[in-house]
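Peer 1: Below: one structure in C-alpha cells.
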Amino acid sequence: MLCVAAVLASCSTVRLGYEQLPTLAYWWLDRHLDFDSTQSPQVREALAQWQARHRQEELPRLAALLEEAQTLAAGEITPEQACRFGEAVRARLRAAGAMAEAPAARIALRLGPAQTEALAERQARSNEEFHSDWLARSPAQQQARRYDEQRKRYEDFYGRLSEAQRSQLRAALARSRFDAALLDAERRRRQAELLALLRGWQAAPVSEAAARRALADYLDRLALPPPGPWREQQQALWNEGCADFAALHAGTSPEQRARAVQRLQDYTRDVQALRAAPAVAADPG
Numbered sequence: 074m075l076c077v078a079a080v081l082a083s084c085s086t087v088r089l090g091y092e093q094l095p096t097l098a099y100w101w102l103d104r105h106l107d108f109d110s111t112q113s114p115q116v117r118e119a120l121a122q123w124q125a126r127h128r129q130e131e132l133p134r135l136a137a138l139l140e141e142a143q144t145l146a147a148g149e150i151t152p153e154q155a156c157r158f159g160e161a162v163r164a165r166l167r168a169a170g171a172m173a174e175a176p177a178a179r180i181a182l183r184l185g186p187a188q189t190e191a192l193a194e195r196q197a198r199s200n201e202e203f204h205s206d207w208l209a210r211s212p213a214q215q216q217a218r219r220y221d222e223q224r225k226r227y228e229d230f231y232g233r234l235s236e237a238q239r240s241q242l243r244a245a246l247a248r249s250r251f252d253a254a255l256l257d258a259e260r261r262r263r264q265a266e267l268l269a270l271l272r273g274w275q276a277a278p279v280s281e282a283a284a285r286r287a288l289a290d291y292l293d294r295l296a297l298p299p300p301g302p303w304r305e306q307q308q309a310l311w312n313e314g315c316a317d318f319a320a321l322h323a324g325t326s327p328e329q330r331a332r333a334v335q336r337l338q339d340y341t342r343d344v345q346a347l348r349a350a351p352a353v354a355a356d357p358g
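In our numbering, the protein residues as written are 74 to 358.
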C-alpha cells in the first residue's frame, strides 16, 4: 500500500501527475539521451500511445488494487498479506513496462553513438550523486537518511507517527540488511548492461523483434536478478519490509487507520476519474 501511495503521491495531485506523465517522461528521457529533431516527435507519440493503453488496460487493475488496500488498511495485516499485495503491485509495474518494450526497441535502434555517450555521461553523474548521498556517509548517517525518507512516507499515509512508532521504525532500520555499496554495484551493473546493449546494436544492427526480446530479458533481470549477493539481499529486504510494515501497522491507532483508508479512497476516486477522462494532448514543446 505504501508503494502505491508513494507512486501516486509523487506529483502534487494524482490526476495532474498522470495526465502530464508523457511530458514528464519525455523530459527525463531527453535529459539522458538528447533526442534529435526527428526522434523527439516519435518519442512523444510513443509515450502518448503508451499512456492511452495504460489508461485503458491498467488503471482498472490499479483501482481494484486500491479497493483491496482499503480493506486491508482497516484491519490487521500479516507480513504474508503485505508481501502478497506488494507482489500484485510489482506485477502491475511489470505490465506497464512490458507495454513499453516495442516502442522502446524501435527508438533504441535509432540512437546514435553520440546519444549513447550522452547516456554514459548522465550515468556517471548519477553515480557521483549516489556516492555523495550514500557512500560518502557513515552507516549512522545512512540510517538517519533512510529513517527520514520512510517516516515521511508513513506519515503521508497514516498521519503523524507517535514517539513509540518512530522508535519502532528506527529499530527496524537499525537491524536492516540494507547495503549501499551492494546497491551501488548493482546500479553500475545495470547501467553497463544497458550501454552494452545499445552499443552492440549500433555496431551490429538487429531486427526490432530481437531488440524487443533483449529489452524484455533485461527488464526480467531487473525484476528477478540472477542468483548471487544482490538477489539474496533484494529478497531479504523485501521480506523485512513486509514484516516491518505489518508490525508498524499493528500498532496504529483507529484514527491512523481511518486516515489511511481515506487516503486510499481519495486515490481510488482519482484513478476512477482518470479512467473516464479523455486523454490530454501531448505537449508539443
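Even glycine gets a Cβ: it sits at the ideal position worked out from N, Cα and C.
1) Residues in its own chain within less than 8 Å of R163 by CB, not counting five upstream and five downstream?
2) Taking the CB atoms as reference points, tell me whether L347 and R88 lie closer together than 7 Å.
3) In whole angstroms, what is the alpha-carbon distance linking A181 and L321?
4) Please classify W100 as buried or exposed, where buried requires at least 16 other C-beta atoms within 10 Å of its C-beta.
5) Within this structure, are the beta carbons of W303 and E259 separated by less than 7 Å?
6) Excluding five sequence neighbours on each side, which residues of the same chain lie with their C-beta closer than 7 Å to the C-beta of Q238?
7) For E131, which of helix, strand or coil comes out of DSSP?
8) Suppose you measure from the CA of Q308 to the CA of T151; what does that come to, to the nearest Å?
9) Fully enclosed by the stretch 258-305, which alpha helix (DSSP H) runs are 4 residues long or longer?
10) Let's see if you can read the secondary structure: which residues bound the alpha helix (DSSP H) around G148?
11) To the nearest angstrom, how far is the alpha carbon of Q143 from that of L166?
Peer 2: Working from what's here:
1) Numbered from its first residue, the sequence shown carries residue 163 at position 90. Within the same chain, Cβ atoms closer than 8 Å to the Cβ of R163 are found at A296, the five residues on either side in sequence being excluded.
2) Numbered from its first residue, the sequence shown carries residue 347 at position 274. Numbered from its first residue, the sequence shown carries residue 88 at position 15. Yes, the pair counts as a contact, with Cβ atoms nearer than the cut-off.
3) In the sequence shown, the residue the question calls residue 181 occupies position 108. In the sequence shown, the residue the question calls residue 321 occupies position 248. The alpha-carbon atoms of A181 and L321 are separated by roughly 44 Å.
4) Counting from one through the sequence shown, the residue named residue 100 turns up at place 27. Around the beta carbon of W100, fewer than 16 other beta carbons lie within 10 angstroms, which makes this residue exposed.
5) On the sequence shown, position 230 is the one that residue 303 refers to. On the sequence shown, position 186 is the one that residue 259 refers to. Contact annotation: W303 and E259 have beta-carbon atoms nearer than 7 Å.
6) The residue labelled residue 238 in the question sits at position 165 within the sequence shown. Close CB contacts of Q238 within its chain, under the 7 Å cut and outside five residues either way in sequence, are with L321, G324 (chain order).
7) Numbered from 1 along the sequence shown, position 58 holds the residue referred to as residue 131. Correct three-state label for E131: coil.
8) Mapped onto the sequence shown, residue 308 falls at position 235. Mapped onto the sequence shown, residue 151 falls at position 78. A direct Cα-to-Cα measurement between Q308 and T151 gives close to 17 Å.
9) Runs found: 281-296.
10) For this step, residue 148 is matched to residue 75 along the sequence shown. For G148, no alpha helix (DSSP H) run applies, since DSSP gives it neither H nor E.
11) For this step, residue 143 is matched to residue 70 along the sequence shown. For this step, residue 166 is matched to residue 93 along the sequence shown. Each residue's Cα considered, the two are about 20 Å apart.
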